[in-house]
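Undergrad:
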Amino acid sequence: MNKPIKNAVRFAAVLLIAALAVSLFAACGANKEKKPEELILGKWETVVDFSTRIKTQYASDLSDMNVDLSGLDLTEIKAPVTFEFNKDGTYTSKADEKTLGEALDSFVQNNRDMLIDLIRTTYAKNYNMDVADVTDEMCFSALIIPFDSWDSMLNGLRSFIAESYYADELTGSGSYELKDGKLTMDKFMNGIELGCEVGDETLTISLPDGAEGLEPGADSLFPIVLNKAK
18 MNKPIKNAVR FAAVLLIAAL AVSLFAACGA NKEKKPEELI LGKWETVVDF STRIKTQYAS
78 DLSDMNVDLS GLDLTEIKAP VTFEFNKDGT YTSKADEKTL GEALDSFVQN NRDMLIDLIR
138 TTYAKNYNMD VADVTDEMCF SALIIPFDSW DSMLNGLRSF IAESYYADEL TGSGSYELKD
198 GKLTMDKFMN GIELGCEVGD ETLTISLPDG AEGLEPGADS LFPIVLNKAK
């Protein structure tokens with residue numbers, strides 16, 4: 018093989034090696050794991066069960082009235098919740114208030130007999146009476162707003178359960194910071210430093226042990242496990 022041909026072959030080999038090196042470098046770069054700060058960006062969604070949160074709140078509110086809520090079928094009070102994290106360090110979160118309200122409507126209807134018995138029993142305890150001696154009219158007049166039927170009274174009780182109050186706990190917007198597996202969101206859960214595990218498709222937000230300044234039962238909303246929105 019003459020010298021010009023040898024040089025051409027050698028030059029082609031060098032180009033081939035260089036091309037392979039570039040492609041390998043690019044592949045390595047493409048497979049490099051993303052940092053949590055990058056993975057968290059975008060929209061996440063899940064469904065949160067508010068049942069224990071609401072039941073615990075009412076047990077606390079009614080603790081001085083000898084009200085026993087243990088028999089209430091307070092389950093399946095759920096609502097969609099979304100979080101979105103942006104590159105500029107801001108976030109938005111939202112609990113679907115409408116869906117939560119519909120779930121509460123169903124709860125009142127499904128527990129009609131239990132609620133009536135609960136109201137009657139509570140009245141008897143508070144006035145040291147036998148349950149059998151408590152009339153409907155006594156129960157209707159027990160609250161500040163008088164009622165004339167069980168339907169109107171149960172509807173009134175339902176109106177006292179403000180779904181917006183509970184939805185607002187997981188609804189907010191502001192700045193956020195994710196550092197060393199800890200997530201802090203302005204205007205969310207009093208700015209508590211939350212635990213955060215994030216992958217390509219799943220985000221888990223957890224409440225630290227001993228978190229203070231929360232409403233009764235708020236800890237039952239955690240951990241919140243979200244999926245990346247499609």
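All the letters of the sequence shown, read from the start, carry residue numbers 18 to 247 under my numbering.
Where is the CB? At the ideal position from N, CA and C, for every residue including glycine.
In the DSSP assignment, find the unbroken beta strand (DSSP E) run with A96 in it and report its ends.
TA: Segment 95 to 102, the beta strand (DSSP E) holding A96.
Undergrad: Using a Cβ-Cβ cutoff of less than 6 Å, which residues in the same chain neighbour A228 once the five nearest sequence positions on both sides are dropped?
TA: For A228, where only same-chain residues beyond five positions count, the Cβ hits under 6 Å are I209.
Undergrad: A76 lies in the alpha helix (DSSP H); which residues open and close that run?
TA: Looking at the DSSP string, the run of the alpha helix (DSSP H) that includes A76 is 68 to 78.
Undergrad: Roughly how many angstroms separate the alpha carbons of I178 and L132, rounded to a whole number?
TA: Distance between the alpha carbons of I178 and L132 is about 14 Å.
Undergrad: Consult DSSP for A47 and reduce its assignment to one of helix, strand or coil.
TA: With a pLDDT of only 42 at A47, under the threshold of 50, the placement of this residue in the model should not be trusted, and no figure is reported.
Undergrad: Specify, as a first and last residue, the run of the alpha helix (DSSP H) that G173 falls within.
TA: From DSSP, the alpha helix (DSSP H) with G173 extends over 167 to 177.
Undergrad: Assign V64 to buried or exposed, taking buried as 16 or more other Cβ atoms, counted over all protein chains shown, within 10 Å of its Cβ.
TA: It is exposed - the Cβ of V64 has fewer than 16 other Cβ atoms within 10 Å.
Undergrad: Identify, in the order they occur along the chain, each residue of the same chain with its Cβ nearer than 7 Å to the Cβ of S237, setting aside the five sequence neighbours on each side.
TA: Counting only Cβ-Cβ distances below 7 Å, and skipping sequence neighbours, we find T69, R70, T73.
Undergrad: Between L187 and A112, which are expected to be in contact by the criterion C-beta below 8 Å, what is the C-beta distance as a whole number of angstroms?
TA: The Cβ separation is near 4 Å, so the contact holds.
Undergrad: Across the region 199 to 219 and the region 158 to 170, are there enough close Cβ pairs to call them in contact, namely three or more that are closer than 8 Å?
TA: Flag = no, the region 199 to 219 and the region 158 to 170 do not touch.
Undergrad: Using the three-state DSSP reduction, which class does K52 fall into: helix, strand or coil?
TA: K52 falls in the coil class under three-state DSSP.
Undergrad: Spell out a yes or no on whether the region 112 to 128 and the region 90 to 97 are touching, meaning 3 or more CB-CB pairs, one atom from each, closer than 8 Å.
TA: As far as the Cβ criterion goes, the region 112 to 128 touches the region 90 to 97, which means the pair count is three or higher.
Undergrad: Using a Cβ-Cβ cut-off of 6 Å (strictly less than) and excluding sequence neighbours within five positions of E194, which residues of its own chain qualify?
TA: Closer than 6 Å at Cβ, skipping near neighbours: T201.
Undergrad: Is the distance from the Cβ of W10 to the Cβ of L243 below 8 Å?
TA: No information on residue 10 is available, as it lies outside the stretch 18 to 247 that the chain covers here.
Undergrad: Whole angstroms is fine: what's the gap from I241's alpha carbon to M206's?
TA: I241 and M206: Cα-Cα distance of roughly 13 Å.
Undergrad: Distance check for E214 and F102, CA to CA, integer angstroms please.
TA: Cα to Cα, the separation comes out at about 14 Å.
Undergrad: Beta-carbon separation of G212 and G189 under 8 Å?
TA: Their beta carbons are not under 8 Å apart, which means G212 does not touch G189 by this criterion.
Undergrad: Enumerated in chain order, which unbroken segments of the beta strand (DSSP E) with a length of 3 residues or greater are wholly contained in the region 89 to 153?
TA: As far as the region 89 to 153 is concerned, its whole beta strand (DSSP E) runs of at least 3 residues are 95 to 102, 107 to 112.
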